[in-house]
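Engineer: Have a look at this one.
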Amino acid sequence: MKKLLPIAVSLAALTAMNVSAGTLEDVQKRGVLKCGVSTGLAGFATPNDAGKWEGLDVDLCRAVAAAALGDAEKVEYVPLTSKVRFEVLKSGEIDVLSRVTTWTFTRDNSLGLNFAGVNYYDGQGFMVPKALGVTSAKELDGASICIQTGTTTELNAAEYFKLNGMTYEPVPVETSSEGRANYIAGRCDVYTTDASALAAQRSVFEDPTAHVVLPEIISKEPLGPVVRHGDDQWFDIVKWSHNAMLVAEELGIDSKNLDERGANANDPAAQGLLGTNTSKLGEMLGLDKKWAYNIIKQVGNYSESFERNVGKDTALKLDRGLNALWTNGGIQYAPPIK
Amino acid sequence: MSGTQVQENKTVTLGSLWRDKKTRGMILQIFAVIGILIFIGIIISNTVENLDRLGVKVGFDFLSEPANYDINQTLISYDSSDSHFRAALVGLLNTLLVAGCGIVVATIFGFTAGVLRLSNNFVLNRLMQVYVEVTRNIPVLLQILLWHGIIINSLPVPKKAEALVEGVFMTNRGVFLPQPIPQEGFGWVWIALLVGIVFAVFFKRYANKVQMQTGKLLPAIWIGATAIIGLPVLTFLALGSPLEVSYPALKGFNFKGGFVVKPEFMALWFALSIYTGAFIAEIVRAGIQSVSHGQTEAAHALGIRPNFTMRLVVIPQALRVIIPPLISQYLNLTKNSSLAIAIGYMDLVATIGGISLNQTGRALESMGIVLGVYLFISIVISALMNVYNKRVALVSR
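Order-wise, the sequence lines are chains U and C.
Residue numbering for the first sequence follows the numbering used here, starting at -16 and increasing by one per position.
Residue numbering for the second sequence follows the numbering used here, starting at 871 and increasing by one per position.
Structure below.
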């Protein structure tokens, strides 16, 4: 039974094991990174036709594996529902959770977990059929709204409608497929969840052009990887694996030109990142010199990952928007790797 | 007997205690209980310790924090600024509502199908057999999803819905019905109803007494029914119909006004009633068949008419067999209602065990509450049914 899983998981895990502080040692001893991902969300984490996991969240798992183990393929993906994700992470069954998880104060401070950055800046939006003729979320008074449960989505919707003095009928849905079924059947007028997920949902409709995403974005949804409290070294590794991809994009280093850039003695920033000069950045993390090199070589920089999974040429057709680098008008900003 | 006497005479040693069957059993049981308690203790202390190390506190203080989410079916007033506790209460009432309605309809279905399965009419009894065999052999979760799918896909959206009769709309967002709104003075109608019921009860007692003394049968049921229905109706008319009706009307996206039965509730209610009804049908059939045919023949031989034979001879005996397994079915229905989450019916599991759990991350506490409440509901149902069972059980004289 699905509803008993959290309890079963916590009991089983909590009785059996001691949450070890040395996650890096555990991962290296095991030779494989255990990464919690979505049960299937186009563009973020979903198995492709060959059964291989792909997506923006999956790339983060691969980056951490590349940094910690030197091989981006050494990842065991653990698909998790939104309900059990934190319990499974807390119990030590996975090493990192990379599952479109919104960073909120409560989650950061009451669950014994830490958010190690933001790999996608999202916000909650509304999708409606074009035929409805609605152009703004302010016109949705009295509508029935399909809301995917188990996220921050319900809270945002409740807050937004209350603030604007509007009423609505919430229609909670458990999975995205159930949400689609309800929305297509007309059980609800509106479908609300994170804008990226709306794009993913729309991409699988029979006629994606018959639906529009309204301009209002009603919430901040910074999605990022999560680790357990109490292991600062591992927290740093996950945080900087993501930052390395951003810095690489900023420096113009990608999976194709990195060997060339790393060999250029007049390019100290690139050489430091790629570990081709005498700097000891990797050592400070407890990793080897090539940690960032391996990430960029095997996974790519942030831009490559973004365009491959959710960008213009994919079914999701998402703009970089907020996720552009700070130098390009976005807010993806990594501290300098120096 | 003599064995124990011999033991008593001897000095008690560990060996003699162990050889005594009764003492040995007691010792083993004590050890088993201690073992289980230690096991539970270790689990709890380990859990608390591990959570403590992670900096997670265990407690129920989160229940008083605002829930911040909306619920679409609320039997008591509820707003997103109410607490998680109130949200849980709303969920609990929704669970009880669907379980209660389900139990009533499942019982009606079950008794009807069970009796009809014994009918001599070939078509009827085969039809009932098909119903029983088909529904009880398909997982109830699939039936819930099927009903939900049928309702949301076959009924029109509100904008295209046409009134069935005045003020009644069947849509895929629910069945909208006119809602009677009591006006001033309507309280007298309730009082009249109460008076009617009290009168009917006393009249029935009086009729029983008359029958005991004289053997004369008074039409107690008819007179009682007339009193229960007639008195309130007369009062209602005498007061000049103090009732206004709110009719549902299409406004914007949805119907406003009136009374709505949500499709999620209907799907869950139908599926649970039909599924459990099939099991009850089998129980009823078995119960009736368990009463020896000789009882019927004996009653006929005494000149008791056929419908009295059924009511006074067969059914009371059949109930003894029916009630105990019926309790299990009621419990099953109540527990199966937790599958509501699959179609988004906001029951206990979906509120405190779902959204609240997710928002606060208090998995152990939330699931603990859900488990505790289901246990409590089940025990209450069993207790009530056991009281009824005692009343119909074989009285040994």
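From the three backbone atoms N, C-alpha and C, an ideal C-beta is built for every residue, glycine too.
Fair warning: this is a prediction, and the values are worked out from it, not measured in the lab.
#1: For A126/U, does the count of other Cβ atoms within 10 angstroms reach 16, so buried, or fall short, so exposed?
#2: Out of T297/U, V41/U and L268/U, state which residue places its alpha-carbon closest to the alpha-carbon of A183/U.
#3: Please list the terminal residues of the continuous beta strand (DSSP E) segment that includes P62/U.
#4: What span of residues does the alpha helix (DSSP H) with A969/C cover, start to end?
#5: Sort out for me which residues DSSP pairs G108/U with in a bridge.
#6: Just the chain C side, please: which residues come within less than 8 Å of R163/U by C-beta, in chain order?
#7: What do you reckon, are the CB atoms on E1134/C and I1213/C nearer than 8 Å?
#8: Go to L1113/C, then tell me how far its beta strand (DSSP E) extends in each direction, as first and last residue.
#9: What residues in the segment 935 to 946 of chain C bring their beta carbon closer than 8 Å to a beta carbon of chain U?
#10: Using the beta-carbon of each residue, which ones in chain U are nearer than 8 Å to R1155/C?
#11: According to DSSP, T85/U sits in a beta bridge with which residue or residues?
#12: Tell me the rounded alpha-carbon separation between N920/C and Q999/C.
#13: Does the segment 924 to 943 of chain C come close enough to the segment 1241 to 1251 of chain C to have 3 or more Cβ pairs within less than 8 Å?
#14: Near T977/C, what residues of its chain come up, given a Cβ to Cβ distance below 7 Å and the 5 sequence neighbours on each side ignored?
#15: Tell me which same chain residues have a C-beta within less than 7 Å of the C-beta of F1073/C, skipping the five on either side of it?
#16: For K1121/C, return the contacting residues in chain U, with the cut-off set at a CB-CB distance below 8 Å.
#17: With distance defined between alpha-carbon atoms, name the residue in S1198/C, Y1145/C, G1055/C and R1175/C nearest to N1259/C.
#18: DSSP three-state call for Y166/U: helix, strand or coil?
#19: Does E204/U get closer than 8 Å to chain C when you measure Cβ to Cβ?
#20: The beta strand (DSSP E) with Y143/U in it runs from where to where?
#21: Between which two residues does the beta strand (DSSP E) holding L96/U run?
#22: Please check if any C-beta of chain C sits within less than 8 Å of the C-beta of H194/U.
#23: Once DSSP output is grouped into helix, strand and coil, what is the label at S872/C?
#24: N1042/C versus chain U: which residues are under 7 Å apart at the beta carbon?
#25: Which of helix, strand or coil does DSSP assign to F820/C?
#26: Does any residue of chain U bring its CB to less than 8 Å from the CB of E1211/C?
#27: What three-state label does DSSP hand V1161/C in the structure shown?
#28: Can you pull the chain C neighbours of T132/U, defined as C-beta to C-beta under 8 Å?
#29: What in chain B is Cβ-close to V926/C, meaning under 8 Å?
#30: Take the Cβ of L988/C as the centre, count every other Cβ of all protein chains shown within 10 Å, and call the residue buried at 16 or more, exposed below.
#31: For G885/C, go through chain U and note every residue whose CB falls closer than 9 Å to its CB, in chain order.
#32: Between V282/U and the rest of its own chain, which residues show a CB-CB distance below 8 Å, the 5 nearest in sequence each way excluded?
#33: What's the gap between the Cα of T881/C and the Cα of I908/C?
#34: Between G269/U, I77/U, E199/U and P153/U, which has its C-alpha nearest S224/U's C-alpha?
#35: Residues in the same chain with beta-carbon distance under 7 Å from W1058/C, minus the five sequence neighbours each way, listed in chain order, please.
#36: Does any residue of chain C have a CB that is nearer than 8 Å to the CB of S65/U?
Structural biologist: Taking the coordinates as given:
#1: buried
#2: T297/U
#3: V58 to P62 is the span of the beta strand (DSSP E), which, as asked, contains P62/U.
#4: H954 to R987
#5: T176/U
#6: Residues of chain C passing the Cβ test: none, with the nearest at roughly 12 Å.
#7: yes
#8: L1113 to S1116
#9: N938, Y939, D940, I941 and N942
#10: What R1155/C touches in chain U: nothing, since even the nearest Cβ is about 31 Å away.
#11: L206/U
#12: 55 Å
#13: Not touching, per the Cβ criterion.
#14: In the same chain as T977/C, and ignoring 5 residues on each side of it, the C-beta atoms closer than 7 Å to its own belong to I1150, in chain order.
#15: A1090, I1093 and G1094
#16: G125, listed in chain order.
#17: S1198/C
#18: helix
#19: no
#20: Note, Y143/U: premise wrong, no beta strand (DSSP E); alpha helix (DSSP H) at T136 to L146.
#21: L96 to F98
#22: no
#23: Confidence at S872/C is low in this model, with a pLDDT of 46, below 50, so its placement is unreliable and the value that follows should be read with caution. Residue state, collapsed to three classes: helix.
#24: A168, G169 and R170
#25: Not covered by the structure: residue 820/C. The range shown for chain C is 871 to 1267.
#26: For the record, residue 1211/C in the displayed sequence is Ile; it is not Glu. I1211/C counts as touching chain U.
#27: coil
#28: Residues of chain C whose Cβ lies closer than 8 Å to the Cβ of T132/U are, in chain order, G1214, A1220, G1224, I1225 and N1228.
#29: In summary, chain B is missing from the structure at hand, where the protein chains are U and C.
#30: exposed
#31: Near G885/C there are no residues of chain U at all, since even the closest Cβ is about 38 Å away, more than 9 Å.
#32: D42, R45, A46, A49, A55, M228, S238 and S288
#33: Rounded to the nearest angstrom, the gap between the Cα atoms of T881/C and I908/C is 33 Å.
#34: G269/U
#35: T1105 and L1109
#36: With 8 Å as the cut-off, S65/U counts as an interface residue toward chain C.
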